[in-house]
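Number of protein chains: 2
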Amino acid sequence: MAKYSRKMACTTCCLTQSIFRGLSPEQLEILNENRHEVEFNAGEIMFKQGTALTHIACILQGMVKIYIEGLNKKNLLIKVARENAIIGGPGMYVDFIHHFSVAALTDVQTCFIDVNSLEKIMKMNQNLALNILKKNNIQGIQNFKKFINLTQKHMSGRIADALLYLADEIHNATSFETPLSRQDIADLTSMSKESAIRILKEFKDARIIELSNNHFTIHDREALVKISDKG
Amino acid sequence: MAKYSRKMACTTCCLTQSIFRGLSPEQLEILNENRHEVEFNAGEIMFKQGTALTHIACILQGMVKIYIEGLNKKNLLIKVARENAIIGGPGMYVDFIHHFSVAALTDVQTCFIDVNSLEKIMKMNQNLALNILKKNNIQGIQNFKKFINLTQKHMSGRIADALLYLADEIHNATSFETPLSRQDIADLTSMSKESAIRILKEFKDARIIELSNNHFTIHDREALVKISDKG
DNA sequence: ATAAAATATTGATATTAATCAACATATACT
DNA sequence: AGTATATGTTGATTAATATCAATATTTTAT
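Protein chains in written order, with my numbering: chain R, -17 to 213; chain A, -17 to 213.
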């Protein structure tokens, strides 16, 4: 955990384009008065599964991983999030418990908004509820895709999916440095670390990707798409 | 598909206790004017994945299965729903496409409500949006549980989960007749039909359950819970 | 009631992926 | 810089599960 600061105002924050679009200046001011910025160091836990969901977090800078702590200390990495992501979770309006953990992959700057204020604004402006509904549904669709990926594809298909996910949705580049460890990649694809490493090596040997340590370069995108599709 | 009828009114429908609680009589009347009842025969498809999401469906009578059509004709059964369930889906407010298919397991009576009317009422009464938000989040929590069940448990743990799910959440009885085929049970647990049958037989041989055709009786609930927990 | 079709069951075999163990490389700590 | 610790890599082995093939049972249609 770390220092408290107030560097910006909601009115000038680009997240205003996100679920907070459509809020009036007054509503944004309420938001502004009920938020606080927090910095986390790489590796620190932001939200711990099982604890009370009292705040949602906006990522202002840096990358985090969102993961379910499953059985026998095994994690399932649900997604990676970075700047402009807003992290709530399905505990909202249900039991107000975090149903996943969130950990900083890099140093991150965040903005915490308490759920009571959020609820207050939600009651003032129905756009907020609808925007959150939409955001949740987008996540729901992605979860369906993940269900199929994880339960119906073999390891190479799952690794191909993970590489395309990182390239297309996280880094927007075919060449990138990932803060994910090999274990994280294994947790993202629901396989053992050793198996993940082996598949990555296969892809490397087949010249589909290049990798040294944590730097990945996708050489043959089509091959990955094909491997992903065939399962 | 089947006949059109109007048997009841929203004001007297027990679903008014569900996401529609808190609606005014006027709002219920709008709902009532924009709904129609439809009967489906066992086996018929109510919603087909990929088609336009124009209506949500309420189940008035009977049982349905909700499943994702995945790769190579393999389905993943997400849940079973029966009386008083309301089926929307994550396409709502996103792309207005069905992201799963829904098929009748028995003859079913349903009530279809078009999404425009739903949206109209949502804008009149924020309770509706919040109720839907909550319902979606409950489903989200269940999906997280399913992720862990399907990706981190062995076959016997998954079958134990399925049996407990059917007994506790669908039939509310330790002895029940299921309309699910063996293939459906396999789709629910993400394994081959043959494997599902084998595990069921193991449970039967161990006197944990009794089964003849589609009639299941759970004899040793504790054993199932233990098998489910250990993964 | 009987034939045909669909669904269920069982055993043998092949495939996939996890685990275990050894070792290598990188990172953090005085 | 040098040791300790964590992370990554590789190969051998074991365990889990799918597939294939044969047969049985149930359901549906005539």
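Built from N, CA and C at the ideal position, the CB exists for glycine as well.
Kindly list the residues whose CB is nearer than 8 Å to the CB of residue i, restricted to its own chain and excluding five residues on each side of it in sequence; keep chain order.
{"i": "G4 of chain R", "result": "N107, N109, L110, N113"}
{"i": "Y(-14) of chain A", "result": "Residue confidence for Y(-14) of chain A is low, a pLDDT of 44 falling below 50, so the modelled location carries little weight; the figure read from the coordinates is stated next. Correct list, in chain order: H18, E19, V20."}
{"i": "T(-6) of chain R", "result": "none"}
Take residue i and list the residues in its own chain whose beta-carbon comes closer than 7 Å to its own, dropping the five residues that flank it on each side.
{"i": "D169 of chain R", "result": "Y49, N57, L58, L59"}
{"i": "R164 of chain A", "result": "K175, A178, I179"}
{"i": "N16 of chain R", "result": "I95, D96, S99"}
{"i": "Q91 of chain R", "result": "E19, E21, L42, Q43, G44"}
{"i": "H37 of chain A", "result": "F94, I95, D96, V97"}
{"i": "Q9 of chain A", "result": "I103, M106, N107"}
{"i": "E204 of chain R", "result": "none"}
Pull the bridge partners of residue i from the DSSP assignment, please.
{"i": "Q43 of chain R", "result": "R:Q91"}
{"i": "V207 of chain A", "result": "Its beta-bridge partners do not exist; DSSP assigns none."}
{"i": "V62 of chain A", "result": "A:K47"}
{"i": "I38 of chain A", "result": "A:I95"}
{"i": "F198 of chain A", "result": "A:F158, A:L193"}
{"i": "S83 of chain R", "result": "R:Y49"}
{"i": "H18 of chain R", "result": "R:F94"}
{"i": "I27 of chain A", "result": "A:A85"}
{"i": "N57 of chain R", "result": "R:E51"}
{"i": "I181 of chain A", "result": "Beta-bridge pairing links I181 of chain A to no other residue."}
{"i": "I68 of chain R", "result": "R:C40"}
Among the options, which one has its Cα closest to the Cα of residue i?
{"i": "C222 of chain R", "options": "R:H136, R:M74, R:F29, R:N125", "result": "Residue 222 of chain R lies beyond the stretch modelled for chain R, which goes from -17 to 213, so this question has no answer here."}
{"i": "I79 of chain A", "options": "R:I123, R:R140, R:V207, R:L115", "result": "R:I123"}
{"i": "D166 of chain R", "options": "R:G25, R:G73, R:A(-9), R:Q9", "result": "R:G25"}
{"i": "K105 of chain A", "options": "A:Q31, A:K208, A:Q121, A:I12", "result": "A:I12"}
{"i": "E159 of chain A", "options": "A:A86, A:I141, A:S194", "result": "A:S194"}
{"i": "K116 of chain A", "options": "R:R203, R:K128, R:V76", "result": "R:V76"}
{"i": "M74 of chain A", "options": "A:L35, A:C40, A:N196, A:K55", "result": "A:L35"}
{"i": "T33 of chain A", "options": "A:A142, A:F198, A:K47, A:E51", "result": "A:E51"}
{"i": "D211 of chain R", "options": "R:K55, R:A142, R:T(-2), R:K61", "result": "R:A142"}
{"i": "N196 of chain R", "options": "R:A39, R:P161, R:K61, R:Q(-1)", "result": "R:P161"}
{"i": "D89 of chain A", "options": "A:K47, A:N154, A:E204, A:D187", "result": "A:K47"}
{"i": "K61 of chain R", "options": "R:E204, R:K128, R:A188, R:M(-10)", "result": "R:K128"}
{"i": "A144 of chain R", "options": "R:D187, R:E101, R:F198, R:A188", "result": "R:F198"}
Grab me the residues of residue i's own chain with a C-beta within less than 6 Å of its C-beta, minus the 5 sequence neighbours each way, in chain order.
{"i": "A149 of chain A", "result": "T156, I200"}
{"i": "P7 of chain R", "result": "none"}
{"i": "L146 of chain A", "result": "L206"}
{"i": "L132 of chain A", "result": "S172"}
{"i": "F185 of chain A", "result": "I191"}
{"i": "D202 of chain R", "result": "I190"}
{"i": "M(-17) of chain R", "result": "Residue confidence for M(-17) of chain R is low, a pLDDT of 41 falling below 50, so the modelled location carries little weight and cannot support an answer."}
{"i": "C40 of chain A", "result": "L(-3), I68, C93"}
{"i": "E101 of chain A", "result": "none"}
Assuming residue i and residue j make a contact with CB atoms under 8 Å, what is their CB distance in whole Å?
{"i": "I232 of chain A", "j": "I103 of chain A", "result": "This structure cannot speak to residue 232 of chain A, because chain A is shown only from -17 to 213."}
{"i": "N118 of chain R", "j": "N119 of chain A", "result": "7 Å"}
{"i": "I152 of chain R", "j": "L53 of chain A", "result": "Between L53 of chain A and I152 of chain R the Cβ distance is about 24 Å, and since that is not below 8 Å, they are no contact."}
{"i": "G139 of chain A", "j": "I27 of chain A", "result": "Rounded, the Cβ-Cβ distance is 31 Å, inconsistent with contact."}
Anyone know if the C-beta pair for residue i and residue j falls short of 8 Å?
{"i": "I190 of chain A", "j": "M137 of chain A", "result": "no"}
{"i": "N66 of chain A", "j": "C(-4) of chain A", "result": "yes"}
{"i": "Q31 of chain R", "j": "S83 of chain R", "result": "yes"}
{"i": "G71 of chain R", "j": "H81 of chain R", "result": "yes"}
{"i": "N23 of chain R", "j": "A63 of chain R", "result": "no"}
{"i": "N125 of chain R", "j": "N125 of chain A", "result": "yes"}
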